[in-house]
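Shown next, in structure tokens, is the structure this report addresses.
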Amino acid sequence: MEDKDKNSIEDLFRSKLYDFEAETSPDDWNAIVDKLDAPKARLFPRVWRYWAAAAVIALLFLGGSVYLFHSRHDQPQLVQLMQEEQTSEQSVVPVTVPVEEQPLSDPLARNIPAVQPAQKSKKPLRKTAAPNTRTAVESELHCSEISDTLQCNEKSMLQKEAPVSVRGEVAAPVSSDAYAVNEPATGNALVSDDTATPVVVTRAAAMPEDALAQAKEDPASDEKMKRWSFGMGGGSVTTGSSNSINTFALNSASLPDLVLMQYNSPFFNEHAAKTRIRHKMPFSFGAGVSYALTDRLALQSGLTYSYLLSSWETNGAYNGKTKQKLHYLGIPLSLNYTIMQWHRIQWYANAGALAEVNVAGKLDTRLYNGKELVSRSSEHIRMKEWLWSVNAKTGLSYPLLRFLSVYGEVGVGYYFDNGSTIETVRSEKPFNVNLQAGFRFGF
Amino acid sequence: MTEEQLIAGCKKGNRLAQKKLYETYSPKMMGVCLRYVNDRETARDVLQDGFIKILTGIDAYSGTGAFEGWIRKIIVNCALEYLRKNDILRDASDLENTYDAAYSDNQAVANLSAAELMKLIQDLPTGFRTVFNMFAIEGYSHKEISEMLQITESTSRSQFIRAKQILQRKVSELY
């Protein structure tokens, strides 16, 4: 019947009209160009977005460096403050040798702790100076980490020498050499100093055993342990998203979807086909490494994994369900600043950038006629472009165990438009506010 | 520039390639728009929307099948979308029995120019025009049309026959 129809008048129409060309207006192309450019201009121009990302990273590094520079200058003053506290409390602790009090009040002398006793005894005092130097450093570390000032002062006042330097700068060859020589003698190695012996021995005896035990450790390896730390964490809660059907048709990237749209163009039908688009909350976790630049500032990096799930459902007699699953691996780089510590609760701020690459993805499309499955197609997809983002967050963490802490944080992030045609929650909601809570493992 | 090069350029977002693609296909696609939407200004809007979808979604073109067919499909879909959104198709069924069967004069049709045939199609009621376009010109089957327009196959067939009768009458009036 159809063949017969097509052999008559409609064939003539078809032959004359299929390739019929009509004049277009020059303005049409300009209008198309304007509309093509419009969405891009809303965010960042194509070139500038990469520069923006680079600028943010550079600023973070610059800010970190400036802070680091200043903080190193500040630290001797902190040490001096501790020394002054020790001096003021000397009425409680039986320290009576005037020669040894002088370095405490003289900041210039703090870097040459062995000189003063040496002048008195004529014997090389490196052996006596080194353990004291070491324990001073240990006590200072303890101070900064536990915030137990009483304990800190108690330990500090057991030193007959002033603390030599701050963490990270203490690994002078003199100290470590002297310490190596001293190691076999352990707690009472200080007897080699004739004149200082009574005082030193008294103090060594008063020194807690754990402090002595710490003094045995190699300063260099200890420094590394303190600077580097590793951790794992995960979890994410992000705000919702909005979307449009046009993007769905284009980004689902397969002709069946276009056909589906046509199927559901309700020509003589009152019910318009609607597509329900859902971008599920991203799921992510990662492992990270942290390098302490100062007591408060740390550089963090690592590896993250993110899973983005989106679905599109079109209603109508012919309805389709499309699921998009994307797996990302990312490399974060951020600076973490400890704002405050109070009873082991740590308040911190973090800012950085994240570069993610889509390592795998799948687009699963099912077409139903009513509830009956008509066709199913599955294809592997991958976002070729790197996904760049910047983020800033602040949070609280509390150590439950030695290697486990609980944390909660709030943050903001911005994902740059990477020009990909694949639609995700990142492209639809580039700016997001997120809440995270979970457990963090640290080793 | 071959078609493959043109497509590759457009996939990279090359503006010159995009313009070339537009210049190559827009006159023919404007003809398609005018068949479905008889108002020229509206046809321009449909054309613009269609090319934006084509250029931004060109990655969806897999390379299998004719490229022009792919473009045409999107343009037709845009036209259908416009008609649906503006709800100007539903009056078509009211006209179903308005016209009597007319005789066929294929020679008269053959003598008419393409522009005259376009005018005849544009004068059809929207619903008839759409089914006639889809079946006679674009080559969709009644089954496909019924699925795309959410109507029964027999309705599609009946709409087409009615459209053809109207056209035959119009042709006979011209001669």
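Sequence order for the protein chains is A and B. Just so we're aligned, residue 862 is where the first sequence starts under our numbering, counting upward by one. Just so we're aligned, residue 7 is where the second sequence starts under our numbering, counting upward by one. Where a beta carbon is used, it is the ideal one built from N, C-alpha and C, also for glycine. Fair warning: this is a prediction, and the values are worked out from it, not measured in the lab.
- B:K59 is the residue among B:K59, B:M154 and B:L86 whose C-alpha sits nearest the C-alpha of B:C16.
- For the C-beta of A:R1227, not a single chain B residue is nearer than 9 Å; the gap to the nearest is close to 16 Å.
- Against chain B, the CB of A:F881 has a partner CB under 8 Å away; the residue lies at that interface.
- With its beta carbon less than 8 Å from one in chain B, A:E871 belongs to the interface.
- Rounded to the nearest angstrom, the gap between the Cα atoms of A:R1227 and A:K1186 is 15 Å.
- Following the DSSP letters along the chain, one finds B:N83 inside the alpha helix (DSSP H) bounded by residues F73 to K91.
- For the pair A:V1150 and A:Y1189, the CB atoms are not nearer than the 8 Å cut-off.
- The continuous alpha helix (DSSP H) containing A:S1288 extends over residues V1286 to E1289.
- Nearest in C-alpha terms to B:A66, of all of A:S1281, A:Q1297, A:G1299 and A:P887, is A:S1281.
- Comparing C-alpha distances from A:T1165 to each of A:T1285, A:I1192 and A:Y1209 shows the shortest one belongs to A:I1192.
- Spanning the alpha carbons of B:R168 and B:A14 requires a straight line of approximately 44 Å.
- Around the beta carbon of A:E1217, 16 or more other beta carbons lie within 10 angstroms, which makes this residue buried.
- Separation of the CB atoms of B:I172 and B:S162 is rounded to 16 Å, and the pair is thereby denied contact status at 8 Å.
- Neighbours of A:K1232 in chain B, taken as residues at a C-beta separation under 8 Å, are lacking, since the least C-beta distance is about 16 Å.
- Neighbours of A:E1174 across chain B, judged by C-beta separation under 7 Å, do not exist; the nearest C-beta is about 17 Å away.
- If you draw a straight line from the Cα of A:R875 to the Cα of B:M124, it comes to about 11 Å.
- With contacts defined as CB atoms closer than 8 Å, B:T136 and B:L89 qualify as a contacting pair.
- Exclusion of the five residues before and after A:V1271 leaves L1296 as the residues of its chain whose Cβ lies within less than 6 Å of its Cβ.
- For B:A116, the nearest CB of chain A lies under 8 Å from its own CB, placing it at the interface with that chain.
- Chain A places no beta carbon closer than 8 Å to that of B:N92, leaving this residue out of the contacts.
- When the Cα atoms are used, B:V115 and B:V43 turn out to be separated by approximately 22 Å.
- Using a Cβ distance threshold of 8 Å, B:K25 and A:W890 count as a contacting pair.
- Within the DSSP secondary-structure output, A:E1233 pairs in a beta bridge with A:N1230.
- Per DSSP, the continuous alpha helix (DSSP H) segment holding B:N112 begins and ends at N112 to N117.
- Boundaries of the beta strand (DSSP E) around A:A1253: L1248 to P1260.
- B:Q165 counts as buried, since at least 16 other C-beta atoms from the protein chains shown sit within 10 angstroms of its C-beta.
- Of the other Cβ atoms in all chains shown, 16 or more fall within 10 Å of the Cβ of A:G1181; this residue is therefore buried.
- Of the candidates A:P1260, A:S1238 and A:S1172, the residue whose Cα lies closest to the Cα of A:W1208 is A:P1260.
- B:H148: member of the alpha helix (DSSP H) spanning H148 to L155, first to last residue.
- Residue nearest to A:P1143 within the set A:R1137, A:E1174 and A:L1169 is A:L1169 (criterion: CA-CA distance).
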